[in-house]
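Heads up, the thing below is written out as structure tokens.
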Amino acid sequence: MYNLYKEYLESGETDLEYFDWLDNQILLRSRDRKIEEANKKIKEIRQRTEEANKKYENLINEIKEMIDETKESIIKYSQLKFHEDISSSINTLSKNQIFDLLDHLYDFKEFDELKKYLQNLKI
-2 MYNLYKEYLE SGETDLEYFD WLDNQILLRS RDRKIEEANK KIKEIRQRTE EANKKYENLI
58 NEIKEMIDET KESIIKYSQL KFHEDISSSI NTLSKNQIFD LLDHLYDFKE FDELKKYLQN
118 LKI
């Protein structure tokens, strides 16, 4: 502040002009300080946002992994169940029925069709 007062004495301005100028200087410094504080807050918010985004991405990746594992488990279970069903059905068939099934095996588009066919063979 002493430097500002020294400038005033050397400038030869009136008291009113000096006080207006001094008031403007104070307002400018106050504004600059508020801008700095706002920039710090923005920086903190940006940093927290980046951290939240990283956590979000990690969660998404974990969920994707869980979904993939679940899909694999479902597929394995379906295949296992299919093989169990077929095995139990085939064990009750005679040789001729098995050969007949082999002849038509590729005609089936769905497992249910194959099951119905096997049930008809048992009858």
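Per the working numbering, the sequence shown starts with residue -2, numbered consecutively. Just so it is clear, CB atoms sit at the ideal spot from N, CA and C, and this is done for glycine as well.
**Request:** Quick one: using the 10 Å Cβ neighbour count with 16 as the cut-off for buried, is L102 buried or exposed?
**Result:** exposed
**Prompt:** When you compare only the Cα positions, how much space is there between E107 and K113?
**Reply:** 10 Å
**Message:** For L6 and L13, I'd like the C-alpha separation in whole angstroms.
**Reply:** 13 Å
**Item:** Straight-line Cα distance separating N117 from S91
**Value:** 13 Å
**Request:** Thinking L99 and F105 are a contact (beta carbons under 8 Å), I'd like their distance in whole angstroms, please.
**Result:** So it is not a contact: roughly 12 Å between Cβ atoms.
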